[in-house]
Amino acid sequence: MHISVNVDGVTYADEVEPRLLLVHYLRERLGKTGTVVGCDTGNCGSCTVHLDGHSVKSCSMFAVQANGHEITTIEGLARDGKLHPVQEAFRNNHALQCGFCTPGMIMQAIDLLADESDPDDETVRKGLEGNLCRCTGYQNIVRAVQDAAQRMKPGAGPKIEQHSDEHVTARQPVGGE
Amino acid sequence: MTATAEPEVGKARLRKEDARLITGQTKWTDNLQLTGMLHMAVLRSPVAHARIRNIDCSRATALPGVAVVLTGEDFAAEQGSLPCAWPITADMKAPPAPSLAVDQVNFAGEAVALVIADSAYHAADALAAIDVDYDELPVVLDLEEALQDTDLVHPDLGTNKCATWIFDSAETGSGTNVEDEIASAEVVLERTFRQQRLIPSFMEPRSVVVDPSADMFTVWSATQIPHILRWMLAAVSGISEHKIRVIAPDVGGGFGGKLQVTPEEMLCLLVARRMGRPVKWTESRTESMLSAHHGRDQLQKITMSARRDGTVTGLKVELLADMGAYLRLVTPGVPILGAFMFNAIYKFAAYRFVCTNVFTNKVPTDAYRGAGRPEATFAIERMMDELAAELGMDPMKIREMNWIKHEEFPFSTVAGLTYDSGNYEAATARAMELFGYEELREEQERRRSSGDPVQLGIGISTYTEMCGLAPSRVLGALRYAAGGWETASIRMLPTGKVEVITGTSPHGQGHETVWSQIVADRLGVPFEDVEVLHGDTASSHKGMDSYGSRSLAVGGTALVHAADKVLAKARRLAAHMMECDEADVEFATGSFSVRGTGTVRTLGDVVLAAHVAHDLPEGMEPGMDADATFDPDNFSFPHGTHLCATEVDTETGMVRISRYVAVDDVGTVVNPLIVDGQVHGGLAQGIAQALYEEAVHDEMGTLTTATFESYLVPSAADLPAFLTDRTATPATSNPLGVKGVGEAGTIASTPAVVNAVLDAVRHMGVRDIEMPLSPERVWTALQGGQS
Chain A
0 MHISVNVDGV
10 TYADEVEPRL
20 LLVHYLRERL
30 GKTGTVVGCD
40 TGNCGSCTVH
50 LDGHSVKSCS
60 MFAVQANGHE
70 ITTIEGLARD
80 GKLHPVQEAF
90 RNNHALQCGF
100 CTPGMIMQAI
110 DLLADESDPD
120 DETVRKGLEG
130 NLCRCTGYQN
140 IVRAVQDAAQ
150 RMKPGAGPKI
160 EQHSDEHVTA
170 RQPVGGE
Chain B
0 MTATAEPEVG
10 KARLRKEDAR
20 LITGQTKWTD
30 NLQLTGMLHM
40 AVLRSPVAHA
50 RIRNIDCSRA
60 TALPGVAVVL
70 TGEDFAAEQG
80 SLPCAWPITA
90 DMKAPPAPSL
100 AVDQVNFAGE
110 AVALVIADSA
120 YHAADALAAI
130 DVDYDELPVV
140 LDLEEALQDT
150 DLVHPDLGTN
160 KCATWIFDSA
170 ETGSGTNVED
180 EIASAEVVLE
190 RTFRQQRLIP
200 SFMEPRSVVV
210 DPSADMFTVW
220 SATQIPHILR
230 WMLAAVSGIS
240 EHKIRVIAPD
250 VGGGFGGKLQ
260 VTPEEMLCLL
270 VARRMGRPVK
280 WTESRTESML
290 SAHHGRDQLQ
300 KITMSARRDG
310 TVTGLKVELL
320 ADMGAYLRLV
330 TPGVPILGAF
340 MFNAIYKFAA
350 YRFVCTNVFT
360 NKVPTDAYRG
370 AGRPEATFAI
380 ERMMDELAAE
390 LGMDPMKIRE
400 MNWIKHEEFP
410 FSTVAGLTYD
420 SGNYEAATAR
430 AMELFGYEEL
440 REEQERRRSS
450 GDPVQLGIGI
460 STYTEMCGLA
470 PSRVLGALRY
480 AAGGWETASI
490 RMLPTGKVEV
500 ITGTSPHGQG
510 HETVWSQIVA
520 DRLGVPFEDV
530 EVLHGDTASS
540 HKGMDSYGSR
550 SLAVGGTALV
560 HAADKVLAKA
570 RRLAAHMMEC
580 DEADVEFATG
590 SFSVRGTGTV
600 RTLGDVVLAA
610 HVAHDLPEGM
620 EPGMDADATF
630 DPDNFSFPHG
640 THLCATEVDT
650 ETGMVRISRY
660 VAVDDVGTVV
670 NPLIVDGQVH
680 GGLAQGIAQA
690 LYEEAVHDEM
700 GTLTTATFES
710 YLVPSAADLP
720 AFLTDRTATP
730 ATSNPLGVKG
740 VGEAGTIAST
750 PAVVNAVLDA
760 VRHMGVRDIE
770 MPLSPERVWT
780 ALQGGQS
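And the structure:
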């Protein structure tokens with residue numbers, strides 16, 4: 000089947016098998032290997048991307064279902080060489096260890112912050128329930144999401160990945176960019 | 000070159016690794032696409048025990064994209080037996096362990112046939128078209144029944160008993176006879192605990208790519224152990240070791256689960272050799288749960304003797320440990336690692352440990368975070384609470400009575416180890432203060448007396464662990480087949496930048512950051528100027544890899560020694576350059592100077608001089624590189640006090656952790672951000688064992704928890720926020736004073752949580768609940784039923 004999909008700002012036109020999963024289309028056809036597969040039941044959320052600004056699990060969608068839509072992956076978050084505040088916050092708060100769940104976790108966190116501009120601990124934990132991390136115990140992920148919330152415009156809306164970075168003031172313990 | 004005046008060690012450096020991980024620029028094994036690459040899919044046995052009567056591949060072979068379908072018979076002559084590196088006794092029974100089953104399957108999930116195809120989709124399609132006839136055999140699942148030898152997992156062995164391993168303090172001279180202590184004791188407690196089977200559940204599924212081109216087998220694998228893997232692949236396949244290069248690129252977690260030489264690694268290698276083309280295999284999550292090794296799975300019978308004043312006098316440990324169907328790399332040794340830890344931080348006269356390893360028709364077990372030590376810590380910390388309850392004493396007071404006092408270090412334990420350092424009083428005092436122990440006890444009393452449906456419990460775990468695996472002579476004495484040293488190289492580049500090559504193999508621990516901090520301090524170079532190379536046997540030619548909280552204590556020490564060798568040579572050359580006596584050369588913040596003069600040469604100047612080699616002292620080789628290999632004299636012994644408060648809803652059985660305080664003493668801390676992160680993640684896994692996770696097999700031996708829907712890896716919503724702090728009693732067994740932190744949280748937290756739940760409901764007649772403490776089990780126990 001023929002599909003036309005905009006991924007990270009570039010439009011791709013491709014012939015795909017109807018059964019091809021979106022995540023495999025992204026990884027194997029487009030080389031977007033930043034998005035990964037961690038399970039086959041939609042539980043782990045490692046493959047989370049945005050479809051028209053909302054998080055979806057790309058292992059649970061066919062590529063053909065993305066026809067005519069805009070996909071944002073972890074690789075399309077940085078703007079003009081500047082990281083998204085949630086990416087920055089994950090780094091600054093040591094919210095990742097092996098980093099395998101991180102792309103999906105960041106994409107889900109951005110979606111969460113679009114709905115909840117100043118989430119409390121419980122809201123963050125419930126909002127990330129569909130994304131598993133085996134390394135961090137989630138403590139620093141929760142902290143990072145709340146930190147990012149403080150550094151982002153409130154209620155930035157569903158296309159939050161296209162926000163301006165001018166309000167970002169990185170809180171960096173030591174080092175940093 | 001700028002000097003770094005402020006010490007790097009102790010600094011909360013943000014990680015070097017993160018830039019690629021937060022932007023998706025990571026190199027996972029599954030990302031690799033090589034020209035002409037074939038894809039391997041594995042057909043797995045749906046039954047736990049059967050003879051293979053026939054495999055018909057004809058339908059599968061005819062399907063689109065299929066290059067070949069292979070069975071065990073195709074590899075019978077070349078696949079050999081997967082290695083077990085830890086024959087714990089001279090008479091240990093070890094069945095042959097083919098990578099691909101030839102005529103019998105021994106667990107559900109065992110590899111039976113391979114499809115090699117042009118795409119992963121085509122390979123998966125063809126799996127469904129392979130027809131296998133099985134003659135099913137009786138399955139052996141229960142440990143105690145297995146020992147009756149009524150049905151045998153491996154009939155050729157004649158028994159399901161793999162080995163029995165004994166430590167007795169009366170025999171080794173490290174203590175008295177435990178039977179005497181029990182016979183004369185005022186109090187004897189007997190308890191049985193079950194360490195349920197767990198699945199390590201690293202987030203990155205295993206993946207292997209083998210490229211046979213260019214007269215070399217290049218193996219990429221999501222492994223913790225590239226060096227051991229290379230050695231073992233060569234030993235098993237007969238391919239010369241120098242013709243195998245193993246690369247562990249970015250690896251997404253391991254927790255012991257990737258401390259393995261797997262059938263799939265072996266098979267990818269053999270298929271690549273056979274086909275002359277690159278081959279990739281990436282597992283699904285369900286495949287991972289069905290075939291990657293599991294952890295824990297022990298039955299523990301514990302007998303403790305004590306005086307009525309609370310003094311423990313002896314401990315007898317009788318274990319049954321489930322090996323599963325085969326012995327993988329260190330399967331039989333995992334419970335033995337626990338043998339030295341049941342006595343924990345306590346001093347008592349007598350100790351006996353007897354472990355019987357048992358075969359069953361289940362996935363093989365092997366290392367999982369803590370490997371033997373969580374099991375031991377759970378048992379002793381549960382027993383200390385049982386003793387306190389029996390005697391009506393405060394559980395912290397009874398621990399304090401029995402633990403080794405800080406002034407008694409170094410201390411020779413009843414299990415034969417020497418603990419070099421520790422301060423249990425300090426860690427406990429800090430934890431009690433953070434926790435608000437007395438206030439919570441008062442709150443607990445209020446809820447008890449008012450009959451509150453939500454009862455409060457307080458759980459204690461004052462743990463220690465042996466880390467920094469391991470002194471090679473000790474491993475040899477335990478019949479482990481390899482050493483426990485670690486190696487590091489430092490290459491000074493002509494521009495003054497530094498390449499560090501380590502034999503450790505990080506998969507989330509942050510070695511690139513921490514190793515840079517150590518070298519920056521030692522050589523006085525900027526943190527940013529250090530590049531750490533790892534996980535490639537072509538650049539790092541030897542190493543013992545990462546597991547057992549060993550990387551910093553052993554590999555970090557090798558790094559310090561390599562840096563010191565660089566400095567020793569640089570000092571000699573600096574003296575030559577400054578025309579002075581070497582004894583007059585001082586080194587500080589990256590520069591050499593002559594005492595009492597203004598003459599200075601930076602390390603960069605000296606390195607360049609060594610590189611161009613125009614004017615070197617007599618006999619000095621050009622270049623400025625050094626290798627060092629460190630073999631520790633002793634283990635390191637992190638310890639700490641963990642306190643957990645749980646609210647137990649007695650009407651529903653729901654458990655909620657309302658407060659968790661962890662005060663750990665991991666010695667010197669190089670990077671506090673990373674240490675905290677390791678503790679958090681460790682806690683999550685230990686709490687998961689207490690409350691959520693269990694690998695369950697049905698009566699046919701089918702794993703019924705083979706997805707994340709049924710195997711409950713906790714999400715953010717299932718875990719509390721943790722309050723962590725540290726005390727720092729440096730280890731004396733290495734120059735950094737570090738002890739290791741990777742396993743501490745997992746080891747400590749499980750008994751803290753279970754003790755807390757029991758403390759909440761003990762007054763209602765509940766003495767024990769089997770893990771995981773699901774609402775159903777807690778509720779059932781409260782109804783007076785069998786948990």
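One line per chain: the protein sequences are A and B, in this order.
Okay, so the first sequence: first residue is 0 according to numbering that gives the first Met the number 0, each after it adds one.
Okay, so the second sequence: first residue is 0 according to numbering that gives the first Met the number 0, each after it adds one.
Ideal placement from N, C-alpha and C gives every residue a C-beta, glycine not left out.
Asked, Found
"Within 7 Å of chain B by C-beta, residues of the stretch 88-111 of chain A in sequence order", "F89, R90, N91, H93, L95, Q96, C97, G98, F99, C100, T101, P102, I105"
"Per DSSP, cross-strand counterpart(s) of K26 (chain B)", "K26 (chain B) is not bridged to any residue."
"For S44 (chain B) and P394 (chain B), the rounded distance between their alpha carbons", "48 Å"
"Rounded C-alpha distance that separates I555 (chain B) from D141 (chain B)", "The residue asked about is misnamed: residue 555 (chain B) is Gly in this sequence, not Ile. Distance between the alpha carbons of G555 (chain B) and D141 (chain B): 43 Å."
"Under 7 Å by beta carbon: chain B residues contacting L21 (chain A)", "By Cβ distance, chain B contributes nothing, its closest Cβ being about 14 Å from L21 (chain A), past 7 Å."
"Local conformation of I397 (chain B) per DSSP, three classes", "helix"
"Cβ neighbours of W85 (chain B) in the same chain (closer than 6 Å, five flanking residues each side left out)", "V329, P331, G332, Y479"
"CA-to-CA distance, Q443 (chain B) to D758 (chain B), given in whole angstroms", "10 Å"
"A343 (chain B) and V662 (chain B) closer than 8 Å at C-beta", "no"
"H610 (chain B) versus H241 (chain B) - alpha carbon distance", "29 Å"
"First through last residue of the alpha helix (DSSP H) which encompasses A772 (chain B)", "It should be noted that the sequence gives Leu, not Ala, for residue 772 (chain B). Counting along the chain, L772 (chain B) falls outside any alpha helix (DSSP H), and DSSP gives it neither H nor E."
"Buried versus exposed, by CB contacts within 10 Å (16 or more), M543 (chain B)", "buried"
"8 Å Cβ cutoff met for P94 (chain B) and Y325 (chain B)", "yes"
"Which listed residue (A:C46, A:A62, A:Y137, A:G136) has its alpha carbon closest to that of N5 (chain A)", "A:A62"
"Nearest-angstrom Cα separation, counted from S168 (chain B) out to S411 (chain B)", "12 Å"
"Continuous beta strand (DSSP E) stretch holding T281 (chain B): start and end", "278-281"
"R50 (chain B) in three-state terms, based on DSSP", "strand"
"Beta carbon proximity, K81 (chain A) to chain B, threshold 8 Å", "no"
"CA-to-CA distance, V518 (chain B) to E530 (chain B), given in whole angstroms", "10 Å"
"is_contact[S200 (chain B), chain A] using C-beta, thresh 8 Å", "yes"
"Below-8 Å beta-carbon distance, L131 (chain A) vs any chain B residue", "yes"
"M340 (chain B) to R655 (chain B) span [Cα, whole Å]", "29 Å"
"Members of the stretch 38-71 of chain A near chain B, C-beta cut-off 8 Å", "C38, D39, T40, N42, C43, S45"
"Residue nearest to D648 (chain B) in terms of C-alpha spacing, selected from B:V760, B:G597, B:A689, B:I54", "B:V760"
"Alpha carbon of L474 (chain B) to alpha carbon of G37 (chain A), nearest angstrom", "35 Å"
"A552 (chain B) beta carbon near the ligand FMN (any heavy atom closer than 7 Å)", "The ligand FMN is absent from the structure shown, which contains no ligands of any kind."
"Status (buried if at least 16 other CB within 10 Å, exposed otherwise) for M0 (chain A)", "exposed"
"G154 (chain A), buried or exposed, once every other Cβ within 10 Å from all chains shown has been counted against 16", "Bear in mind that the predicted position of G154 (chain A) carries a pLDDT of just 43, short of 50, making it too unreliable to give a figure here."
"C-beta atoms of W219 (chain B) and L31 (chain B) nearer than 8 Å", "yes"
"Neighbour flag for S206 (chain B) against chain A, beta carbons, 8 Å", "no"
"Assumed close pair F707 (chain B), L682 (chain B) - CB separation to whole angstroms, cut-off 8 Å", "Actually they are not in contact, since the Cβ atoms of F707 (chain B) and L682 (chain B) sit about 20 Å apart, beyond 8 Å."
"Residues of the stretch 134-152 of chain A with Cβ closer than 8 Å to any Cβ of chain B, in chain order", "C134, T135, G136, Y137, Q138, N139, I140, V141"
"Secondary structure, alpha helix (DSSP H): runs of 4+ residues fully inside the stretch 97-134 of chain A", "101-114, 120-126"
"V15 (chain A) at chain B interface by Cβ criterion, 8 Å", "no"
"Bridge partner(s) assigned by DSSP for M491 (chain B)", "B:V497"
"First and last residue of the uninterrupted beta strand (DSSP E) at R295 (chain B)", "294-305"
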